[in-house]
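All residue numbers for the sequence shown refer to this note's numbering, where the first residue is 1 and numbers rise by one.
Don't be surprised by glycine CBs; every beta carbon is placed ideally from N, CA and C.
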Amino acid sequence: MLAIPSALLSRFDEKLQTRALPIALHTPYRRWLRYYLDFCRKYRFPPRQEKSLPPFIRKLQEKQQPNAQQEQAADAITLYYDILRETGKLGKGSSLQPFETRMNGPSQTETTSVAETSDMSGPETGVSWKSEYARLADEIRLRHYSSKTLRTYRGWVKQFQAFTHSTDPARLATDDVKAFLTFLAVKRKVSASTQNQAFNALLFFYRHALHKEFGKVDGVVRAKRKPYIPVVLSRDEIDAVLSHLDAPYDLVVKLLYGCGLRLFECLNMRVHCMNLDAGIVTIHDGKGHKDRTVPLPQTILPEIRTHMESLKDLHHRDLERGYAGVFLVGALDQKYTHAAREFPWQWFFPAKQLTYERKSGEYRRYHLHETHVQRAIRQAVSAARLSKRASAHTFRHSFASHLLRNNYDIRTIQELLGHSDVRTTMVYTHTVKSVTVKEAQSPLDF
C-alpha cells in the first residue's frame with residue numbers, strides 16, 4: 001500500500017489539530033487517507049479531484065463497512081480536499097455532495113442538480129462485479145477446468161476491472177479489451193504468452209459470464225513473440241541435484257525426469273496409478289483432461305516398492321486415528337462412499353499433515369503441496385552449484401531432450417509427453433546437437 005508523502009502528512013496532521021479532533025481519531029483518519037490514495041492508484045481515479053470520492057465510498061459499501069466508518073472516511077478525505085483547495089492543487093471535478101446523498105442517492109428534487117454538477121458522464125464507474133465473478137466461477141466449474149485456470153482467469157478479470165475503473169459490465173465493449181491488451185504490451189511490456197493468456201481470459205469472460213459477442217479484435221499492439229528454447233540439464237547435473245534431495249522429494253524428481261511428468265501430474269498420482277507388475281504408470285486427467293501411460297524406470301522400481309510399503313503404514317495409522325479419508329475429485333466421494341478411505345485411492349505423495357475440513361468437521365489428507373517440492377528443488381539446485389537455472393519443469397525438458405539425443409523418434413516422444421500437436425514437441429530439436437549419420441559411400445558414387 002502507498003505511503004502518504006511526508007509533506008502531505010504534515011499538512012494533514014495540522015488540519016486534524018485545527019479541527020480539534022480527538023487524538024484517538026488521528027490514526028484512523030490517516031489510515032482512511034492512505035486507503036483513498038491507494039484506491040485511486042489501483043482503480044486509476046484522479047486523487048486530486050472530488051469526483052473520486054463517491055466511487056471510494058461505494059467500494060467501502062461493497063466491503064460492508066459500517067455507515068459510521070464510511071462517514072468517517074468521507075470526512076477524512078474532505079480534509080484532504082481542503083488542503084488541496086488551499087494550495088490551489090484541487091483538480092476540476094464535481095463538487096462534493098452531502099454524505100446522505102452519496103449513501104442513499106439523490107432525491108427527486110436533487111436529481112437535476114446532481115447530474116449537472118457531475119462531470120462523470122459516460123459509463124458508470126465503481127460498480128460491483130460480484131455477480132460477474134460468480135458467473136465466471138460457475139462457467140469454469142461447469143466445464144471441469146482446473147482451479148488454477150479459475151484463479152488465473154479471475155486474476156486477469158480483476159486487472160481488467162481496475163483498468164476500466166470498475167465500469168458497469170453491461171457497458172463494456174471490445175474497445176475496452178483492445179485498450180487493455182495494448183496497455184499490457186506497451187506500458188507493462190509483458191511477454192506474448194502473458195498477453196495471449198489475458199486475451200483468452202477476457203474472451204471467456206465476455207462469452208460465458210457477460211454473454212456478449214466478443215467481436216473482432218483488430219489494431220491491438222501485440223507483444224513480440226520470440227522463440228523459446230528450454231533449459232536442459234545433463235545427466236551429471238541431474239545426479240548432482242538428486243544427491244542434495246531428501247525423501248520424498250528425490251523420488252518426485254526421479255519421476256519427473258524418468259517419466260517426463262509435469263509437476264501437478266506427479267503430485268496428483270494415487271496408489272492405483274502405479275502398475276509395478278507391468279512397469280508402467282498411468283497419468284489420469286493430465287493437461288487437457290487427457291490420460292496416458294508412461295514406462296516406469298526399472299532402476300527406481302525397488303525404491304517405489306519401499307515407498308509403497310511406507311504408504312501402507314501411513315494409511316493404517318490414519319485409519320486408526322479415524323480420519324475421513326483423502327480428498328477426491330468432484331463427486332466421487334458421493335458416488336463411491338468408501339473410496340476416500342480405501343488404499344488404492346490414497347495419494348502416492350501424501351501431505352505430511354492432515355487437513356481439517358471446516359464444513360464437515362473432519363480431517364482429510366491432501367497430496368504433497370507443490371510449493372514444498374519447488375522449494376526443495378530450488379535449494380538442491382543452489383547446493384549443486386549449477387550454472388543453469390532449473391525448476392521442476394526442467395526435468396521434463398531434460399527427459400524429452402535425452403530421448404531425442406538417443407534417436408527416439410519425435411512421434412514417440414510426443415506420445416510420452418502427452419502433447420496434442422507434434423509442433424509443440426519439435427521445440428526439443430533445438431536442445432540437441434545436430435548429428436547426421438550417412439551410409440558410407442565411395443566418392444565415385446557421389
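Here residue 428 has 400, 401 and 404 as same chain residues with Cβ atoms under 6 Å from its own Cβ, once five neighbours each way along the sequence are excluded.
The stretch 356 to 433 contains, as complete alpha helix (DSSP H) runs of 4+ residues, the segments 370 to 384, 392 to 405, 410 to 417 and 422 to 425 (chain order). Counted as a single uninterrupted DSSP element, the stretch harbouring residue 337 is not any alpha helix (DSSP H), since DSSP gives it neither H nor E. Inter-residue distance for residue 174 and residue 298 is about 55 Å (C-alpha atoms, whole angstroms). Looking at the backbone, the Cα of residue 127 and that of residue 263 are separated by about 39 Å. When secondary structure is reduced to three states using DSSP, residue 188 falls in the coil class, being assigned neither helix nor strand. DSSP places residue 231 in the coil class of the three-state scheme, outside both helix and strand. By the Cβ-count criterion, residue 13 is exposed, with fewer than 16 other Cβ atoms from all chains shown falling within 10 Å of its own Cβ.
Sequence-distant Cβ neighbours of residue 150 in its own chain, meaning closer than 7 Å and more than five residues away, are 137 and 140. For residue 339, the CB contacts under 8 Å within the same chain, skipping 5 residues up- and downstream, are 325, 328, 332, 333 and 345 in chain order. Just so you know, the alpha carbons of residue 240 and residue 373 end up roughly 17 Å apart. Around the C-beta of residue 309, fewer than 16 other C-beta atoms lie within 10 Å, and the residue is accordingly described as exposed. Sorting 425, 22 and 25 by C-alpha distance to the C-alpha of residue 408 places 425 at the top.
Looking at the backbone, the Cα of residue 194 and that of residue 156 are separated by about 10 Å. In the DSSP assignment, residue 293 is bridged to 282. Beta-bridge annotation (DSSP): residue 270 is paired with 347. Rounded to whole angstroms, residue 236 and residue 347 show a C-alpha spacing of 30 Å. Exclusion of the five residues before and after residue 201 leaves 152, 153, 156 and 157 as the residues of its chain whose Cβ lies within less than 7 Å of its Cβ. In the three-state reduction of the DSSP assignment, residue 326 falls in the strand class, which pools E and B. When beta bridges are read from the DSSP output, residue 275 appears opposite 280.
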